[in-house]
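Residue numbers (the working numbering): 43 to 397.
A short worksheet on the structure shown next.
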């Protein structure tokens with residue numbers, strides 16, 4: 043038997059909505075999230091945004107009336123806190139995840155892949171990737187002797203890290219690095235520079251900047267610079283000539299020399315023909331152009347499944363032969379427990395969120 047409500051349907055729905063709204067107000071606990079950053083980072087962001095605003099042409103979409111200049115130092119996404127704002131030349135600014143990947147140059151298979159925050163530099167992820175790849179190869183009785191990467195991974199501490207692990211790093215140094223200072227030759231034994239007037243600039247100590255980078259300071263005696271006839275062009279705004287170099291200058295120099303060698307040019311072409319096609323295939327054919335999940339851990343799982351699918355296709359076509367059933371069944375048997383665990387976890391997670 044159907045019972046007719048004492049009030050109209052519209053009135054009943056309105057009453058329920060009011061009750062739900064009141065209950066929500068009572069149960070909600072006031073919690074606010076804040077984005078914090080050092081003051082010098084905020085000043086740097088403010089200056090960068092001001093420079094973008096002063097540009098005549100501006101970037102893509104900057105002339106729109108609702109265009110905003112956002113930064114990870116000042117904004118975050120409450121719906122997906124792990125996502126980070128990133129932008130590339132010619133592309134729109136949006137929330138992304140960073141995909142870090144290692145590819146074997148011999149067979150073209152993916153040996154490692156992981157999701158990282160999109161606001162980090164490529165160079166900060168290299169040590170972790172290198173360790174995981176080296177350990178994985180070691181378990182399979184393989185040695186990692188060379189590492190190829192683009193200039194985004196150029197970092198003095200990375201060069202030193204690879205040398206300590208007996209790995210030759212074929213990573214081009216970034217464009218601002220100068221192996222020599224024109225007019226100021228360096229004496230390695232005395233650890234000092236000489237000016238064009240043959241006056242010494244000895245090492246005076248270390249200095250750590252606001253970003254934590256350790257630098258070496260060299261400067262000449264002020265009494266010698268004051269009477270020098272070249273001071274107006276050499277050090278016009280300071281009491282004496284100062285030179286600042288990174289503590290990893292020797293590692294940078296060795297990387298620069300490898301980069302300029304014949305083998306270095308060969309390695310650059312090898313990197314371009316190995317990693318770029320794989321990454322293009324993952325974005326075009328394996329679903330990594332846009333990731334429809336929330337959180338870095340789920341983004342990592344999507345990237346991992348794409349890499350597994352890519353490698354399966356590679357292994358099945360090893361030697362140019364067509365895929366055959368026996369190889370496919372062997373690979374599926376090895377991966378089936380991991381797939382079952384993954385999908386079971388996803389089902390439990392889905393049920394939990396629905397409840």
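Glycine included, every Cβ here is placed at the ideal spot set by N, Cα and C.
Considering only their Cβ atoms, is the gap separating residue j from residue i smaller than 8 Å?
i           : j           : result
residue 157 : residue 277 : no
residue 231 : residue 244 : no
residue 286 : residue 252 : no
residue 200 : residue 236 : no
residue 352 : residue 143 : no
residue 228 : residue 298 : no
residue 348 : residue 334 : no
Residues in its own chain within less than 7 Å of residue i by CB, not counting five upstream and five downstream?
i           : result
residue 400 : Nothing about residue 400 can be reported from this structure: the residues present for the chain run from 43 to 397 only.
residue 346 : 155
residue 238 : 225 and 272
residue 174 : 154
residue 290 : 198, 199, 201 and 202
residue 312 : 147 and 190
Going along the chain, which residues of its own chain have a beta-carbon closer than 6 Å to the beta-carbon of residue i, five neighbours each way excluded?
i           : result
residue 306 : 300
residue 356 : 151
residue 196 : 213, 215 and 216
residue 339 : none
residue 139 : 157, 160 and 341
residue 167 : 142 and 158
residue 179 : 186
Go ahead and label residue i buried or exposed: buried means 16 or more other beta carbons lie within 10 angstroms of its beta carbon, across all protein chains shown.
i           : result
residue 326 : exposed
residue 211 : buried
residue 271 : exposed
residue 89  : exposed
residue 121 : exposed
residue 172 : buried
residue 198 : buried
residue 283 : buried
Comparing alpha-carbon positions, which option in the options lies nearest residue i?
i           : options               : result
residue 136 : 142, 128 and 226      : 128
residue 246 : 253, 261 and 237      : 261
residue 190 : 198, 209 and 177      : 209
residue 141 : 218, 317 and 303      : 317
residue 314 : 250, 146 and 86       : 146
residue 163 : 303, 183 and 194      : 194
residue 223 : 205, 345, 295 and 153 : 295
residue 293 : 130, 221, 249 and 321 : 221
residue 242 : 117, 93 and 265       : 265
residue 149 : 354, 372 and 284      : 354
residue 267 : 86, 288 and 240       : 240
residue 126 : 133, 132 and 118      : 118
residue 309 : 188, 133, 112 and 289 : 188
residue 124 : 337, 344, 372 and 375 : 337
residue 176 : 186, 167 and 134      : 186
residue 263 : 280, 358 and 323      : 280
If you drop the 5 nearest sequence neighbours on each side, which residues of the same chain put their C-beta closer than 8 Å to that of residue i?
i           : result
residue 331 : 325
residue 250 : 256 and 257
residue 184 : none
residue 288 : 198, 255, 256, 257, 258 and 294
residue 395 : Because the pLDDT of residue 395 is 35, which lies under 50, any placement of that residue in the model is unreliable, and the number read from its coordinates should be weighed accordingly. Nothing listed; no residue qualifies.
residue 323 : 352
residue 112 : 127 and 135
Please tell me whether residue i has its Cβ less than 8 Å away from any Cβ of chain B.
i           : result
residue 150 : Among the protein chains of the structure shown there is no chain B, as only one such chain exists.
What are the complete alpha helix (DSSP H) segments, minimum 4 residues, inside the segment 194-264? 198-206
Output the residue ranges of the beta strand (DSSP E) runs that lie fully inside the segment 256-312 and measure 3 residues or longer, sorted by chain position. 256-261 and 284-288
Please specify which runs of the alpha helix (DSSP H), each continuous and at least 4 residues long, are wholly inside the segment 145-183, giving them in chain order. 168-181
Mind pulling the alpha helix (DSSP H) runs of 4 or more residues that sit fully within the segment 313-358? Counting only runs of 4 or more, we get 338-358.
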